[in-house]
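Novice:
Structure follows, in structure tokens:
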């Protein structure tokens, strides 16, 4: 395995809290939890599975990611209007958007597979308890 692959694997090797959740809760709410990572569809698990700790875990992760995406989107949009260097910010927004998309895919895969792994970088932030 290359050095790059090792770094990627280490980056995505985040804390796994799956053992903290009831297996029946996980099984019943896998599909609901995947909506957590589809931007503002995070509202679906919040409203449809309010008593599911598993769905709430993923809703928290997805809500944080959605907020980060909006904040970064606004930042890069505003900065792209700067004279002379705005194009740099416009170009920088592409890999940042792809990175957020990758985190969403990571979250969806974990939710559907019944895992409660935290997202890299933002996974330790708790908004929903």
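In my numbering, the protein residues as written are 239 to 367.
A virtual CB, placed ideally from N, CA and C, is assigned to each residue, including glycine.
Using DSSP with H/G/I as helix, E/B as strand and the rest coil, what is residue 268?
Specialist: Looking up residue 268 in the chain shown gives position 30. In the structure shown, residue 268 sits in a helix (DSSP, three-state: H, G or I).
Novice: Do residue 354 and residue 268 have their beta-carbon atoms positioned less than 8 Å apart in this structure?
Specialist: Along the chain shown, one-based indexing puts residue 268 at 30. Along the chain shown, one-based indexing puts residue 354 at 116. Contact flag unset, no.
Novice: Mind pulling the alpha helix (DSSP H) runs of 4 or more residues that sit fully within the region 268–351?
Specialist: Those alpha helix (DSSP H) runs which fall completely within the region 268–351 and span 4+ residues are 281–286, 291–317 and 324–350.
Novice: Mind the definition here: the region 264–283 touches the region 293–313 only if three or more C-beta pairs lie below 8 Å; say whether that holds.
Specialist: Flag = yes, the region 264–283 and the region 293–313 touch.
Novice: For residue 367, which three-state DSSP category applies?
Specialist: The residue you call residue 367 lines up with position 129 of the chain shown. Of the three classes helix, strand and coil, the one that applies to residue 367 here is coil, per DSSP.
Novice: By Cβ distance, which residues of its chain are closer than 7 Å to residue 271, with the 5 residues on each side in sequence left out?
Specialist: Position 33 of the chain shown, counting from 1, holds the residue named residue 271. The residues are 283, 292, 293, 296 and 349.
Novice: Would you give the residue range spanned by the alpha helix (DSSP H) that residue 360 belongs to?
Specialist: Residue numbering aside, residue 360 sits at position 122 when the chain shown is read from its first letter. No alpha helix (DSSP H) contains residue 360, which DSSP labels as neither H nor E.
Novice: Is it true that the CB of residue 352 sits closer than 8 Å to the CB of residue 264?
Specialist: The residue given as residue 264 occupies position 26 in the chain shown. The residue given as residue 352 occupies position 114 in the chain shown. A contact, by the Cβ cut-off of 8 Å.
Novice: Quick check: the Cα distance between residue 196 and residue 335, rounded to an integer number of angstroms?
Specialist: Beyond the ends of the chain as shown, which are 239 and 367, falls residue 196; an answer cannot be given.
Novice: In the DSSP assignment, find the alpha helix (DSSP H) that holds residue 248 and state where it starts and stops.
Specialist: Mapped onto the chain shown, residue 248 falls at position 10. From DSSP, the alpha helix (DSSP H) with residue 248 extends over 241–250.
Novice: Can you tell me whether residue 339 is buried or exposed, with buried defined as 16 or more other CB within 10 angstroms of its CB?
Specialist: Translated into the one-based positions of the chain shown, residue 339 becomes position 101. The residue in question, residue 339, is exposed, as its Cβ has fewer than 16 Cβ neighbours within 10 Å.
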